[in-house]
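Residue numbers (our numbering): 176 to 240.
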């Protein structure tokens, strides 16, 4: 599954709003910090469906704040 530029932008925006590290993001999403670092840097666009769902769920949970 490919992560869309919209989801990537939202992930970066929410992370920036909360001013959290990749390690904290990893703990909150359940996704490896190495995978998240590659996604955020644009080195990885194809990810597992389960990874996509974890990221999407985290974005949804943090949109309510």
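Cβ atoms here follow ideal geometry from the backbone N, Cα and C, with glycine treated the same way.
If I'm right that residue 210 touches residue 219 with Cβ under 8 Å, what's the distance once you round it to whole angstroms? Looking up residue 210 in the chain shown gives position 35. Looking up residue 219 in the chain shown gives position 44. The C-beta separation of residue 210 from residue 219 comes to about 7 Å, placing the pair in contact by the 8 Å criterion.
Where does the unbroken alpha helix (DSSP H) through residue 226 begin, and where does it stop? The residue labelled residue 226 in the question sits at position 51 within the chain shown. The continuous alpha helix (DSSP H) containing residue 226 extends over residues 224–238.
Judging by CA-CA distance, which residue of 239, 230 and 215 is the nearest neighbour of residue 203? In the chain shown, residue 203 corresponds to position 28, counting from 1. Checked all of 239, 230 and 215; the closest Cα to residue 203 is 230.
With which residues is residue 221 paired in a DSSP beta bridge? Looking up residue 221 in the chain shown gives position 46. Under DSSP, residue 221 takes part in a beta bridge, and its partners are 177.
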